[in-house]
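Remarks on the structure that follows.
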Amino acid sequence: MSHKIAILGASGYTGAELVRLIATHPDLQIAALSADRKAGEEMASVFPHLRHLDLPRLVTIDEIDFSGIDLVFCALPHATSQAVIATLPRTVKIVDLSADFRLRDPEAYKKWYGKAHEQPELQAEAVYGLTEFYRGEIRKARLVAGTGCNAATGQFALRPLIAAGVIDLDEIVIDLKAGVSGAGRSLKENLLHAELAEGWHAYAAGSTHRHLGEFDQEFSALAGRPVEVQFTPHLLPANRGILATVYVHGEPEEIDATLRKAYENEPFCVVLPMGDLPSTRHVRGSNFVHLSVVPDRRAGRCTVFAALDNLTKGSSGQALQNANLMLGLDETMGLMAAPLFP
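To convert, note that position 39 of the sequence shown is 38 in numbering that gives the first Met the number 0; the numbers rise steadily by one, no gaps.
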């Protein structure tokens, strides 16, 4: 049985990535694609790499008939997403790729996003979309909130360790490097080639990055007490990829064994041999996460690495993984393609 889906915000990077992945999915049919400024255009003109596909023309959201749609991927900007989702029929399942429903506490949302949430009932209904840790809830959900790509990377490295109590919860440092596509497709002066190329820089340092809200929420819930990590993201002159270098206090062998046990049956999580180093180039364009543990020269300390593609496992691939569960399909459908290399 083919399920009809719509992608709202299909003219952005995550929307295009969803189209690329769904194009080879045997049980999903793209019935509608929406855009704002690009409405009326063909996807082939907006994204020439998709010109071989027979896709619907981009239209405004108001032009879509949702009566025959089974699931909607909402790849809209923050704040816009919650307003649109509130108007969708209750019969439609939704995977939201924005930040609008990631935080459960309305006060936390207001703190990190600077204004009150306009749809608190939907916020309370949403299930956090980190698939490997919320499968049961996602299968039964109508609305799933995709995680932040940086937040997902840090959590893959740390969630099993926090849950098992094998690291010092007060000594966690996440040093993260991310490709520029994570900033979206909108024109920004600091993302021009001449401004970004041939260098990299930290941003949102200290306590200002919004993904800290997700770390606080998820890690504190796991530990049963407040956990606040030290987190610094860096912007790399690369299109795709995230590499998290996480410094922790704990025994390397125990940490390695904990990660292996946690991910031994996970189709997309690969724990490398201890001491091996993951690279964003080895997960590019795929839904895989590569993790590894490297002992420090000082006893009782080590570094945990996690690498993933921010547009795939960090966003659109994760969204499709969740949609598969919500529609009762095999979780891996459309997602087992090998990474692109070189």
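Where a beta carbon is used, it is the ideal one built from N, C-alpha and C, also for glycine.
Start and end residues, beta strand (DSSP E) containing residue i
i                 : result
proline 294       : 288-294
isoleucine 68     : No beta strand (DSSP E) holds isoleucine 68; DSSP gives it neither H nor E.
isoleucine 6      : 2-7
phenylalanine 230 : 229-234
Minimum C-alpha distance to residue i - residue among the options
i              : options                        : result
glycine 316    : His2, Phe304, Val18, Arg209    : Val18
cysteine 268   : Ile171, Ile63, Arg239, Ala306  : Ala306
alanine 98     : Gly147, Pro105, Arg138         : Gly147
alanine 125    : Arg209, Arg138, Glu62          : Arg138
proline 232    : Gly178, Ala123, Pro251         : Gly178
serine 206     : Phe214, Ala82, Leu70           : Phe214
alanine 336    : Ser1, Ala9, Leu20              : Leu20
isoleucine 254 : Leu328, Val165, Leu235, Glu194 : Val165
leucine 61     : His289, Pro338, Ile84, Val293  : Before going on, a small fix: residue 61 reads as aspartate here, not leucine. Measuring from the Cα of aspartate 61, the nearest candidate turns out to be Ile84.
glutamate 40   : Thr59, Tyr246, Phe218          : Thr59
lysine 110     : Leu168, Gln216, His289         : Gln216
glutamate 252  : Tyr246, Ala237, Met273, Ala261 : Met273
Residue i, buried or exposed, once every other Cβ within 10 Å from all chains shown has been counted against 16
i             : result
leucine 7     : buried
methionine 42 : buried
proline 225   : exposed
aspartate 95  : buried
alanine 117   : A small fix is needed here, since residue 117 is glutamate in this sequence, not alanine. Flag for glutamate 117 reads exposed.
serine 180    : buried
leucine 334   : buried
arginine 101  : buried
leucine 339   : exposed
serine 10     : buried
C-beta contact flag for residue i and residue j at 8 Å
i                 : j              : result
phenylalanine 230 : leucine 211    : yes
serine 291        : aspartate 275  : yes
glutamate 131     : glutamate 265  : yes
alanine 145       : serine 314     : Here residue 145 is glycine; the residue named in the question, alanine, does not match the sequence. Yes; because the gap between Cβ atoms is below 8 Å, this pair is in contact.
leucine 310       : threonine 13   : yes
alanine 5         : alanine 34     : no
alanine 201       : isoleucine 161 : no
alanine 38        : leucine 57     : yes
Limits of the alpha helix (DSSP H) - the one that residue i falls within
i            : result
lysine 109   : 105-112
alanine 305  : Note, alanine 305: premise wrong, no alpha helix (DSSP H); beta strand (DSSP E) at 300-307.
threonine 23 : Where threonine 23 is concerned, there is no enclosing alpha helix (DSSP H), given that its DSSP letter is neither H nor E.
valine 83    : 79-84
Spatial neighbours of residue i in its chain, beta-carbon cut-off 6 Å, leaving aside the 5 residues before and after
i            : result
leucine 52   : Ala22
arginine 141 : Lys92
valine 270   : Leu258, Arg259, Tyr262, Leu290
Cβ-based neighbour list, residue i, same chain, cut-off 8 Å, excluding 5 preceding and 5 following
i           : result
leucine 324 : Thr130, Arg134, Ile137, Arg138, Glu330
7 Å CB neighbourhood of residue i in its chain, flanking five on each side removed
i             : result
threonine 244 : Asp174, Thr302, Phe304
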